[in-house]
Every structure is written in structure tokens, then in C-alpha cells.
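Working notes, structure below.
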Amino acid sequence: MQDLKLKAAEKRGAHQLGGDNLVGWDEVTQGIVLTSFDGDATGVSHKKAEERNYSDFNSYTATVASWRVMKPVFNIDVCIDCQNCWVWCPDSSILSRDKQMLGIDYDHCKGCEVCVEVCPTNPKSLLMFSEYEDLGNALASWPEKKKKEKK
Amino acid sequence: MAITSIKNLKEFSTNNDRFEGAHTLCPGCAHSMIVRELMNCTDDNLVVSSNTGCLEVSTAVYPFTSWDTSWIHIGFENAATSVSAAQVMHKVRKKKGTLKDNDAPVKFVAFGGDGSTYDIGFQWLSGAFERQHDFTYICLDNENYANTGGQRSSATPIGATTSTSVAGTHSYGKKEKKKDIVSIMAAHGAPYVAQLSPNKWKMMAKGFQKALEAEGPCFINTVSPCCTEWKFEPKDTIAITDLAVDSLMFPMYEIIDGHELNILYRPKNILKVEDYLGAQGRYKHLFKPEYKHIIEKIQSDIDEDWARLQRREEARV
Amino acid sequence: MAVEFEVNEREVWDGNYAASQALRQADVDVVVAYPITPSTPIVENYGAYVGNGYIDGEFIMVESEHAAMSGCIGASAAGGRVSTATSSQGFALMVEVLYQASGMRLPIVLNVVNRALAAPLNVRGDHADMYLGRDSGWLQMSAFNAQEAYDLALCAFKIAENHSVRLPMMVHQDGFITSHTAQNVYPLSNEAAKKFVGVMNPVDDMLDFSRPVTYGAQTEEDWHFEHKAKQHKAIMDSASVIDSVFAEFKELTGREYNRVETYDMEDAEVCVIGLGSTVESARVAAKEMRKEGVKAGVVAMRVFRPFPYEEVREALKGCKSIAVTDRSSPGGAMGAFYNEVAAAMMTSQSRPLVTNYIYGLGGRDLSIENIKTIFREQQANADAGYITTDIQQFTNLRGPKLGFFKTERN
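Residue numbers (our numbering), protein chains in the order written: chain A, 546 to 696; chain B, 44 to 360; chain C, 144 to 553.
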């Protein structure tokens with residue numbers, strides 16, 4: 546997987562959901578209000594994730610990686626950048642930039658396998674492996690192209 | 044308004060997500076697919092409200108928010124009211140010039156599950172539509188109260204087992220037909236009402252854009268398969284929506300200005316409803332011989348509804 | 144630009160009209176409302192001001208009171224000035240969302256024209272709705288006449304929107320007795336009122352897209368308690384802001400308001416404490432009792448939330464016997480107001496005798512004679528050194544005398 550060198554990298558996965566820094570009544574935000582960004586966030590829809598100044602309250606800075614038992618592994622050599630995985634990923638975990646699929650955001654991926662199911666390539670460009678499988682081993686064990694079964 | 048390109052998926056994928064990961068929706072949940080798609084359809088500023096439900100409890104759990112836009116949740120029933128009043132406030136403040144940025148385009152969107160839309164929040168939704176506020180209401184229809192453990196709602200179809208319409212030796216599950224919310228909302232004279240499905244991403248995105256662009260209240264019912272309560276594997280969410288639209292259990296259509304009905308998708312091969320029902324645990328009991336007539340009933344309802352939709356499309360009334 | 148609405152130095156307004164004029168002069172941006180007797184004219188009038196161009200705001204008439212407060216919350220979170228009015232059953236329907244408004248710290252001003260809660264259905268004034276809101280996290284003030292309904296509505300915006308307060312506020316007036324009785328009212332000029340209330344400075348503005356905000360997040364056992372504690376602290380701390388706004392208002396108009404009002408209390412030995420329009424009757428009764436040689440005084444609650452424990456204690460410290468009047472069906476307990484006054488006096492040096500009178504339910508009149516009887520009973524208590532009557536009594540009720548609970552004596 547390509548390294549996006551995310552600007553917010555130092556914050557990525559900083560929080561385990563539920564394992565928060567519990568502050569006292571005098572420090573909680575007024576009115577339970579949460580801010581999504583630090584500083585001026587004007588025009589944020591035109592900024593890529595790595596260009597944004599996410600606040601600590603933004604779940605972007607949190608991880609749900611512990612939910613996963615199996616993980617999808619991405620094989621760039623097979624991918625045709627169709628973006629099926631991007632549009633149907635329920636966890637905003639497909640890292641896609643400039644129409645290219647770059648990899649998976651393992652802080653946010655819950656391992657639902659939808660991306661694998663909707664991948665149209667042969668063999669698939671995304672396959673599920675054990676959470677602990679080494680990337681090199683996973684790619685080395687990638688299946689060959691399936692031949693069409695004769696009818 | 045600044046709608047984003049949905050010419051093809053590659054173009055669409057250049058949009059930057061404004062709905063962030065590490066929310067706590069179930070793996071494979073269709074809710075977030077639909078929400079992401081709505082938010083990627085436009086570059087405009089958004090004010091989003093949500094009724095209580097899975098989406099709400101999973102995306103704003105203190106001290107986290109998954110929303111990169113302004114968002115408000117009050118109660119189970121009032122997302123349509125809160126966002127439409129915010130829209131009126133926007134109008135007033137724009138006129139008075141008290142907004143931080145008076146020229147920035149803004150769209151107002153409310154999300155609700157079927158429980159909050161069809162049932163508890165229906166009065167609030169109907170009121171906001173009658174008042175002709177300029178906002179878009181998206182129902183994430185997973186046909187049950189999933190957030191509270193899968194009780195029947197008035198969106199639950201006949202024959203589905205839920206925790207309050209339990210199928211057993213003396214019952215085939217829910218007895219009543221699903222409420223036709225799309226017709227009800229169209230009857231408010233709304234400029235745009237539609238029923239859409241996430242597997243047809245482009246039709247859904249196009250529908251969202253039409254709704255955001257139209258002036259006045261727009262309603263979109265989206266099929267949002269719930270792997271937890273419909274009982275299927277999370278990976279199959281999109282496959283289930285394929286079955287839903289190809290069996291015509293969820294026909295995709297739009298109604299303009301309350302009367303002009305257009306069917307948006309005609310399956311090349313219409314599937315038998317068994318294919319759809321059989322893929323989900325909530326209908327498993329229907330395949331017992333004693334409940335065969337229920338499947339037949341569901342199929343005949345679908346056939347009749349499809350025929351009626353086509354007649355309405357032709358009639359243009 | 145709004146058309147100038149001319150006001151005279153002296154007007155003859157009822158409480159509803161007075162409150163609606165305050166909304167106009169405060170330049171409220173959005174009113175989201177649903178009509179209910181007896182509060183309806185407040186929002187009707189605001190709608191008419193919009194319709195005639197006297198205000199650059201919007202009036203949204205929704206389909207229920209629940210939606211009215213829901214809309215107020217959405218509009219308030221969208222950063223403008225918001226107000227509405229309700230009564231009774233409408234108030235009850237709003238209750239779910241009242242808690243949301245205060246929890247989200249939104250400075251909405253709600254004019255409550257007090258009316259009894261059914262069953263049995265009744266459109267007249269009692270304080271059942273006011274009491275229903277007492278734990279809702281709102282600030283609550285009570286107006287005893289039309290002038291006060293006007294004055295306090297203006298003050299309410301200034302208090303609620305103060306950045307160290309940021310809490311919604313109710314201004315109560317009694318149904319019909321205050322809301323529908325035309326009285327002399329001395330309004331501020333439009334300009335003076337506008338200047339006094341000031342410009343709304345939004346906090347956590349949903350329409351400020353340089354700073355998107357999330358309202359209404361969920362908190363469970365690890366966060367909820369801290370948020371509610373912070374809110375309670377803010378309610379308690381609002382007292383000083385209320386005092387300073389009252390002081391500023393006095394400087395502007397000469398009209399003085401205090402969180403606890405006292406009348407003839409300098410040397411009073413017996414006293415009636417109450418709130419609402421009854422206070423005015425009690426003041427007349429006290430004067431008459433003084434002619435009979437009874438050192439009678441009246442204490443009135445201007446601010447019901449935050450409950451001014453210290454000021455109540457201070458006001459009542461010289462009294463020997465106190466009648467706490469509750470205009471709400473107590474439902475199997477002492478009156479709620481009684482409990483609070485008794486709690487305050489329990490921690491005082493003097494620990495006076497404190498009795499409870501339930502009166503005026505559903506708009507039943509409380510006459511000067513009734514109040515004089517209450518004073519006489521307090522005098523008897525003071526003379527005896529113990530409560531000679533039932534601790535809780537029902538006043539001006541037909542049928543056999545109804546009372547509960549006697550004082551414990553050796």
C-alpha cells in the first residue's frame with residue numbers, strides 16, 4: 546500500500562473509540578458541542594483528508610481497527626481503478642486519489658468484505674486475509690486469473 | 044449550486060469525503076454508503092440533521108463526531124423540523140447580513156431511519172413538507188427498528204420476523220403490508236420524491252442531486268439492507284440490494300411535483316421474490332411448506348404494485 | 144428594513160400583548176410556534192408584526208408544540224435569536240425537547256402563560272406547567288403583571304444569551320389574570336429596547352462553515368454526568384448575571400427587579416411567600432393585616448430557577464411563621480415550592496415554622512380574605528410556637544376541610 550504521508554498522520558489512530566481521555570465536568574465542551582476541525586475549515590469539501598486540520602473530536606482521528614478479524618489486502622497489480630470499492634465502502638476506508646485506488650485505511654476498515662465482493666477484476670484486486678497475515682505473504686499467495694468455465 | 048461530477052465512478056471518486064470513518068455502524072451497513080454518497084454529491088456547505096437511530100448513535104458518540112459539516116440531532120422524531128427551522132434562520136440571517144459568509148451556498152438535509160420516518164417522526168416530516176421548507180429528507184429504510192434490537196416498524200414487509208412480530212409455530216411474522224411512504228410523501232406535492240438503492244450508485248447520486256437542486260421539500264426513500272437484523276453476511280449488502288431491485292421488491296422510481304412518475308430502473312430479468320427472500324434469515328421460516336402461500340402473496344403484491352407503477356407512469360396523473 | 148412600530152410612553156396592554164411587543168423590540172429572528180390558550184396572542188402578534196413588516200424575522204407555525212420547540216432548537220443552533228410561547232398541555236408536549244434545548248445550551252426565550260394541566264381539562268391559570276419545567280434545566284422567571292411580562296421578556300434575552308450563561312429561559316405569567324387583563328404598561332422606546340437587549344452573538348453557530356459543529360452527541364455513563372453537572376453549575380452561576388441585568392434595567396427604567404422580592408418584610412413576623420399574580424393580592428392582604436396589628440409581609444419569587452436559596456433565607460430570616468403557597472396539584476407530596484423554601488429555612492439559624500397552602504388550582508380565585516385567613520393562621524402559629532394547623536392545607540376548596548400532616552411535638 547502506498548504511503549499517503551497524511552498530514553494528520555500524527556493524529557491517525559490516536560484514539561481507540563471508548564478509550565478516551567476522560568476529563569472532568571469543568572473541561573467537557575459546553576452544550577455537548579463537538580467541533581470537526583481546528584482552525585478555519587472554510588471550503589473543506591475541496592480539501593483532501595491529508596490537507597485538513599482535523600480536531601481531536603473528529604472520528605477521522607480515531608481507530609476501529611480492533612473490530613477486525615480479517616482484513617482486506619489490496620493488490621495494485623490487478624486493480625483497474627474502477628472505484629467500486631470506493632463508492633461502496635461503508636467506512637470511508639478506500640484511499641483513492643486522482644481516480645486511482647491507492648490502498649486501504651486500516652484505522653477505519655472494519656473488515657466487512659464489501660470491497661472484495663464488489664471488486665470486478667479477475668482475479669480480484671482485494672482479498673481477505675487474516676488480520677495477522679504479512680502483506681508480502683498475502684501478495685505472494687495471490688490466486689491466478691480464473692479461466693472461464695466452459696459451458 | 045455546486046453539484047459534483049457523477050459522469051462515471053472515477054470522476055465521482057475524486058470527491059473528498061465529508062463523512063468520516065471510525066463511526067460505529069455495523070460492518071457492511073448500507074447507511075454509511077448512502078450517507079457518504081449524498082455528501083459526495085455536492086460541494087456546497089451542508090447542515091445535516093438526524094433523527095435518533097443507528098446513524099445518529101453511531102456517528103456522534105461523545106467525544107467523537109464523524110461529520111465534517113454542521114450536524115444536529117435532537118430526538119427520534121424531529122430532524123425534519125430542526126433542519127427546516129435552521130433553513131428559515133439561514134434565510135433571515137442572510138437577509139440581515141449576520142452570517143459569517145453571506146454568499147456561501149448551503150443545503151439542508153435530514154436523515155431518518157424507517158422507524159422515525161414512517162412511524163414516530165411522521166407528523167414532523169409531514170408538517171415540514173406541508174410548510175414547503177427547502178430541504179431534502181433521506182429515509183434510510185432498513186425496514187425495522189435496528190437500533191433498539193430489531194422491532195417491527197410500519198416499513199417492515201409482510202412475513203418478516205422481527206423481535207415484535209415473531210415468526211413461530213402460530214405466526215409467519217409480520218402480518219401487515221409495508222406502508223407506501225413514497226406515495227404519501229408525493230401526495231404532499233413535493234417537487235421531488237424518489238425511491239432509490241445504493242447498488243445503482245449513479246441513479247442514486249443523480250436522485251440526490253435532483254433533490255438538492257430542487258427548491259422545496261424533497262423526499263428520498265433508500266433501501267438500506269441491515270445485515271444484523273435481515274440476517275445476511277456483511278459482505279453481501281450490495282448483493283442484497285441487487286436482489287431487492289431486480290425482484291422489484293424495491294422498484295426504483297421518482298415522482299415529480301406529486302404526479303409525474305418515472306420508473307428509473309427496469310430489470311432485464313425480473314427475479315422471483317424467493318431469490319430475495321431466500322438470501323435473508325428474516326424470511327427463512329417462509330420456506331416451510333405451511334407458509335408457501337405467504338411467499339405467493341408477497342409475489343402477487345409485487346406484481347400488482349409493479350403493474351400499478353407502470354400504469355401511473357403512463358397515465359401521468 | 145423593518146417598518147417603525149410606534150409605541151407611546153404609556154400603553155394599555157395585556158400580558159400577552161406586552162410579551163409580544165418585547166419580542167418585536169428584541170428583534171427576534173425566528174419564532175416557531177403552535178397556538179394554545181391562553182398564550183396564543185403572543186405568537187399571533189409576532190406573526191402579525193412579520194406580516195406587516197414591523198420586524199425582519201420569520202414566523203413558522205408548525206404542527207405541534209413539540210415541533211415548535213424542536214424548530215426553536217434548530218433555529219437557535221443556527222445562530223439567531225429565537226423565541227416562542229406556550230401553555231399547559233402544549234408545554235407538556237414540549238417537555239422532551241425542553242431538556243434538549245437546555246442540554247445543548249441554546250438561549251431560547253419561552254413565554255409561558257401558566258395554565259392548569261388536564262385531566263380535568265381546564266384553560267385557566269395555575270402553575271402546573273411551570274412546575275413541570277422546574278427540572279428541565281431552563282432558567283425560570285415569574286412576572287406578576289403585564290408590565291413585568293414585558294420587562295422580564297426583554298431581560299430574558301439578555302440573560303440567556305450572555306456567553307457565561309447560554310441557557311434557555313422561561314418567562315412566566317398567569318393565564319388570563321395577567322395575560323388577558325389590560326393594564327398600564329410603560330414600554331421602552333424601540334431604540335432603547337434594542338440597545339438594552341443588544342446584538343445576538345452566536346456561539347457554536349451551525350451556519351458558520353469555517354467551524355462546523357456537531358450538536359446533540361450521545362453520552363453514556365462515562366460522560367453524561369459531567370455534562371449535566373456542568374449545566375447545573377451554569378444554572379447556579381447565572382444568578383450573578385441575572386442580578387447585573389436587573390441592575391442595568393433599573394438604571395434604564397427605574398424599575399427594580401430582584402430574584403426574591405420583599406414587601407413589608409422589614410419587621411415582618413409572619414409572611415406569605417408565593418409567585419405569580421397572587422403576590423399582588425397578598426400585598427394588599429398584608430397591608431390590611433398590619434392595620435389589625437399583625438406584622439405581616441410578603442415574599443415573592445421573581446426567579447424560580449436558579450432557586451435563590453440564600454436570598455430566600457435572607458428574606459425570611461426574621462419571620463416566625465411562613466406560609467408557602469403552591470398553585471399546583473402536589474400529587475402526593477408537599478408542594479414543590481414548599482419543599483424548596485423549607486429546605487432553605489432548614490439550614491437557617493432561625494428555623495421558622497413553615498406551612499404549605501395549596502390554592503387556586505384551575506384558576507380558582509384566591510381572595511384577599513383567603514390570604515388574610517392564612518396570615519391569621521401564621522400569627523397563631525407564631526404565638527403558639529408550633530404549627531397549629533395541618534402542615535399542608537387546601538385553601539378555598541369546597542367540601543370538608545382538606546389538610547395533611549401534623550407537626551411532631553412532645
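Cβ coordinates follow ideal geometry from the N, Cα and C atoms, glycine included.
Within 7 Å, strictly: CB atoms of residue i and residue j
i	j	result
Ala161/C	Ala289/C	yes
Asp285/B	Asn312/B	no
Ala286/C	Leu297/C	no
Glu272/B	Gly164/B	no
His315/C	Asp157/C	no
Glu208/C	Met247/C	no
Ile185/C	Ser163/C	yes
Interface partners of residue i on chain B, CB under 9 Å
i	result
His209/C	Gly118, Glu120, Asn121, Thr124, Gln166, Trp167
Secondary structure of residue i, DSSP reduced to three states
i	result
Asp351/C	coil
Met546/A	Low confidence applies here, because Met546/A scores a pLDDT of 40, under 50, leaving its location unreliable and the question unanswered by this model.
Lys592/A	coil
Arg470/C	coil
Cys270/B	helix
Met673/A	strand
Glu658/A	coil
Ile534/C	coil
Met408/C	coil
Lys376/C	helix
Gly417/C	strand
Gln628/A	coil
Tyr529/C	coil
Glu317/B	helix
Candidates the options: closest to residue i by CA position
i	options	result
Met309/C	Gly200/C, Arg224/C, Gly194/C, Asn151/C	The identity of residue 309/C in the sequence shown is Arg, whereas the question assumes Met. The candidate whose alpha carbon is nearest that of Arg309/C is Arg224/C.
Trp114/B	Val266/B, Asp279/B, Leu89/B	Leu89/B
Leu282/C	Pro345/C, Ala525/C, Leu249/C	Leu249/C
Ala411/C	Ala458/C, Asp386/C, Glu239/C	Ala458/C
Phe172/B	Gly324/B, Pro200/B, Ile227/B, Ala73/B	Ile227/B
Asp157/B	Ser267/B, Ser290/B, Ile345/B	Ser267/B
Ser219/C	Leu253/C, Ser207/C, Leu275/C	Leu253/C
Lys338/C	Lys301/C, Thr321/C, Ile320/C, Gly359/C	Lys301/C
Lys693/A	Asn620/A, Thr666/A, Ala594/A	Thr666/A
Val497/C	Arg507/C, Ile511/C, Ala523/C	Ala523/C
Lys150/B	Lys137/B, Met132/B, Lys222/B, Asp87/B	Asp87/B
Lys138/B	Asp272/C, Gly359/C, Glu201/C	Glu201/C
Ala610/A	Glu596/A, Ala586/A, Tyr651/A	Tyr651/A
Met646/A	Gly681/A, Ile625/A, Glu572/A	Ile625/A
Tyr502/C	Met477/C, Leu331/C, Gln361/C, Val155/C	Met477/C
Within chain A, partners of residue i - CB distance below 9 Å
i	result
Glu317/B	Result: empty, since nearest Cβ-Cβ is about 22 Å, beyond 9 Å.
Phe55/B	Gln628, Trp631, Val632
Under 8 Å from the C-beta of residue i: neighbouring residues of chain B
i	result
Val603/A	According to the sequence displayed, residue 603/A carries Asn and not Val. The answer, in chain order, is Glu63, Phe107, Thr108, Ser109, Asp111.
Trp612/A	Pro70
Thr229/C	Ordered by position in chain B, no residue passes the 8 Å Cβ test against Thr229/C, which lies about 15 Å from the chain.
Leu350/C	Val90, Ser113, Ala129, Met132, His133, Arg136, Leu142, Lys143, Val149
Partner residues on chain C for residue i, Cβ-Cβ distance less than 9 Å
i	result
Thr580/A	Asp347, Arg354, Pro355, Val356, Thr357
Residue i: contacting residues in chain A (beta-carbon distance under 7 Å)
i	result
Trp281/C	Within chain A, no residue comes near Trp281/C; the closest Cβ sits about 14 Å away, beyond 7 Å.
Arg361/B	Because residue 361/B is not part of the residues shown, which for chain B are 44 to 360, the question remains open.
His66/B	Ser604
One or two residues paired with residue i in a DSSP bridge
i	result
Ser641/A	Met646/A
Lys371/C	Its beta-bridge partners do not exist; DSSP assigns none.
His315/C	Val255/C, Ser285/C
His116/B	Ser93/B
Ile517/C	DSSP lists no partner for Ile517/C.
Leu310/C	Answer is none; Leu310/C lacks a bridge partner.
Arg448/C	Gln283/C
Ala237/B	Ile263/B, Glu297/B
Lys690/A	Answer by DSSP bridge pairing: none, since Lys690/A is not bridged.
Tyr358/C	Ile115/B
Listed by chain order, chain A residues near residue i by CB distance under 8 Å
i	result
Arg167/C	Within 8 Å Cβ-Cβ: nothing; Arg167/C doesn't reach chain A, min ~28 Å.
Contacts that residue i makes with chain C (C-beta to C-beta distance below 7 Å)
i	result
Val609/A	The premise fails here: Val609/A is roughly 16 Å from chain C at the closest Cβ pair, so nothing lies under 7 Å.
Neighbouring residues, chain B, relative to residue i (Cβ below 7 Å)
i	result
Glu658/A	Pro277, Lys278
Ser641/A	Ser56
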